[in-house]
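*Asks:* In my numbering, the protein residues as written are 490 to 1027. Ideal Cβ positions, reconstructed from N, Cα and C, are used throughout, including at glycine.
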């Protein structure tokens, strides 16, 4: 095995993984104006229940509609008495920018004000009724300022499609969870069967819709297939997302790296559908309904509207903690985040915590790195002999392989010894990459808030790029120095390719979140120190 070729292959893999989305970001789709569906639009024969989201429409105006506000230490919420839909939900502990005086995060957004966030869709067989468009709604709710420990239930009653509805939304001052009991009464003389769907809508949970490192996406969790998500706006607009054939869902969420708006069904047989339409993310979770004549059926559902904080989500029902998913490297990313937070408890600076975590990881892999450097140095010493063997047996590949293997055996050199330690470390790196990229702890977390001796804001938010590109440029320089110090083989072309790597990585890291760049920079500095120590010892 050619060690240098394997190293190049691994490096190119990193470039492909990190560089593709940077060099070729998905195009922002152009969304035409959506046609408005009629409140009682007919479903196609055999249409599945989750299609409720396909025709979500604006809330029709009603002169009797009132605005009902609820303020708690955690959030400010505003509901409409027409259908009980959510018009605004401000997270009071999370601001739009690092300025503490900037507006709080609004989980609904301007474009989705009238797009039925927390709405109810009735789906009797052959019909689809958007309940918020009926004018026959009343509510006895009043503006409320809740203190810690208090709970409040808002009741909305209405008559829709020949049915009587009563929505009971319970909010807690200490939680981002809203629970609902929906009472549907059938005053008719025949049973009504179909589905009931609960909806969610938001204009997006990221500052920029095309944020390639922090996209708004729609995801769900099911017992059959586990975590599923669609991140491409183009796919969400053209195809949407559906849990059909994926089993019953435990939860569905419109989410970003830092926030999520989730629906947690109260029935085991629940299905989800979602799409991106006219600048708004829409989602519906439906469950079967069968209401006998003269009877009332109760449907239960919960909504989570808040931060993607793993500690908070761990206490939520329906396994909502699974909504924070780090992919293949989840099993590595979570322990690393716990270590990062442990360091933060003592240093109170996430930049310093990242440095300490990097040092710890480097110490753990120190013996493997030592073996790697030693093996690469041994391979370098064998290069003259390998070159002679290639010249001598240029026309006899089988004999060449035998002689090369004998040479390795004679000098007790493992040709893969320089790469295998690196291969072991790659999952840890990717795990930390995913952890730092998707950790709400780093949002607006400061490292060095200002350029020393100036008023220029610098690394005041580790979740966004370095505004002056200082850290990625220094990172590129350290990577170049590291390549110059690394023992190389006899192939000049391979050596040139390896020296070109720092240029490519620097270009990619220019727009990386600063926390990731700090990690890579510190890791490079430690690697340089280790290599210098090895060279001095040799």
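May I ask you to report which of helix, strand or coil DSSP gives residue 587?
*Replies:* Residue 587 falls in the coil class under three-state DSSP.
*Asks:* Under a three-way DSSP split, which group does residue 517 fall into?
*Replies:* Only weak support exists for where residue 517 lies, its pLDDT of 37 falling under 50; the coordinates are left without a value.
*Asks:* Smallest Cα separation from residue 749: which of 786, 730 and 792?
*Replies:* Closest by alpha carbon: 792.
*Asks:* Using three-state DSSP, classify residue 913 as helix, strand or coil.
*Replies:* Of the three classes helix, strand and coil, the one that applies to residue 913 here is helix, per DSSP.
*Asks:* Determine which residues share a DSSP beta bridge with residue 763 and list them.
*Replies:* According to DSSP, which records beta bridges pairwise, residue 763 is partnered with 730 and 772.
*Asks:* Could you name the residues that DSSP lists as bridge partners for residue 685?
*Replies:* Partner(s): 611 and 776.
*Asks:* Any chance you could list the beta strand (DSSP E) runs of at least 3 consecutive residues sitting entirely within the stretch 605-667, in chain order?
*Replies:* You should have 609-613, 626-628, 640-649 and 652-661.
*Asks:* Could you tell me if residue 637 is buried or exposed, where buried requires 16 or more neighbouring beta carbons within 10 angstroms of its beta carbon?
*Replies:* That one is exposed.
*Asks:* Verify whether the separation of the beta carbon atoms of residue 642 and residue 657 is less than 7 Å.
*Replies:* Yes. Within cutoff.
*Asks:* So, for residue 739: in the same chain, excluding its five sequence neighbours on each side, which residues have a beta-carbon less than 6 Å away from its beta-carbon?
*Replies:* 710, 807 and 808.
*Asks:* Going residue by residue through the stretch 813-901, where are the continuous alpha helix (DSSP H) segments of at least 4 residues, counting only ones entirely within it?
*Replies:* Taking only runs of at least 4 residues, the alpha helix (DSSP H) segments lying wholly in the stretch 813-901 are 819-836, 839-853, 855-881 and 886-899.
*Asks:* Note down, in chain order, each residue of its chain lying with its Cβ closer than 7 Å to the Cβ of residue 833, except the 5 sequence neighbours on either side.
*Replies:* The residues are 839 and 842.
*Asks:* Report the three-state DSSP secondary structure of residue 737 (helix, strand or coil).
*Replies:* It is coil, neither helix nor strand.
*Asks:* State buried or exposed for residue 1022, treating a residue as buried only when at least 16 other CB atoms are found within 10 Å of its CB.
*Replies:* Classification for residue 1022: exposed.
*Asks:* Across which residues does DSSP place residue 565 in a beta bridge pair?
*Replies:* For residue 565, which the question treats as bridged, DSSP gives the partners 560 and 579.
*Asks:* Between 891, 818, 649 and 687, which lies nearest to residue 676 when the distance is taken from Cα to Cα?
*Replies:* Among 891, 818, 649 and 687, the Cα nearest to that of residue 676 is on 649.
*Asks:* Looking only at its own chain, which residues have a Cβ that is under 6 Å from the Cβ of residue 936, when we skip the five neighbours before and after it?
*Replies:* Only 840, 948 and 951 meet the Cβ criterion.
*Asks:* Does the distance from the C-beta atom of residue 647 to that of residue 623 stay below 7 Å?
*Replies:* Yes, these two residues count as a Cβ contact at 7 Å.
*Asks:* Please state whether DSSP places residue 805 in a helix, a strand or coil.
*Replies:* Note: residue 805 maps to coil in three-state DSSP.
*Asks:* Less than 7 Å between the C-beta atoms of residue 695 and residue 745, yes or no?
*Replies:* Yes, the pair counts as a contact, with Cβ atoms nearer than the cut-off.
*Asks:* Which residues in the same chain as residue 555 place their Cβ atom closer than 6 Å to its Cβ, once the five residues preceding and following it in sequence are excluded?
*Replies:* Excluding sequence neighbours, residue 555 sits near 570.
*Asks:* Enumerate in chain order the residues of its own chain whose CB-to-CB distance from residue 955 is below 7 Å, with the five nearest sequence positions on each side excluded.
*Replies:* Contacts found: 948, 961, 1003 and 1006.
*Asks:* Considering Cα atoms alone, identify which of 680, 631, 798 and 707 is closest to residue 780.
*Replies:* Closest by alpha carbon: 680.
*Asks:* Buried or exposed, going by whether 16 or more other CB atoms sit within 10 Å of the CB of residue 894?
*Replies:* Exposed.
*Asks:* Note the first and the last residue of the continuous beta strand (DSSP E) segment covering residue 708.
*Replies:* Segment 706-711, the beta strand (DSSP E) holding residue 708.
*Asks:* Exposed or buried, what is residue 879 when buried is set at 16 or more other beta-carbons lying within 10 Å of its beta-carbon?
*Replies:* By the 10 Å Cβ count, residue 879 comes out exposed.
*Asks:* Can you name the start and end residues of the beta strand (DSSP E) that residue 904 belongs to?
*Replies:* Per DSSP, residue 904 belongs to no beta strand (DSSP E) and is neither H nor E.
*Asks:* Within 10 angstroms of its Cβ, does residue 1024 collect 16 or more other Cβ (buried), or is it exposed?
*Replies:* So residue 1024 ends up on the exposed side.
*Asks:* Quick one: grab the DSSP three-state call for residue 1023.
*Replies:* Three-state DSSP puts residue 1023 in a helix.
*Asks:* To the nearest angstrom, how far is the alpha carbon of residue 811 from that of residue 551?
*Replies:* Whole-angstrom Cα-Cα distance: 39 Å.
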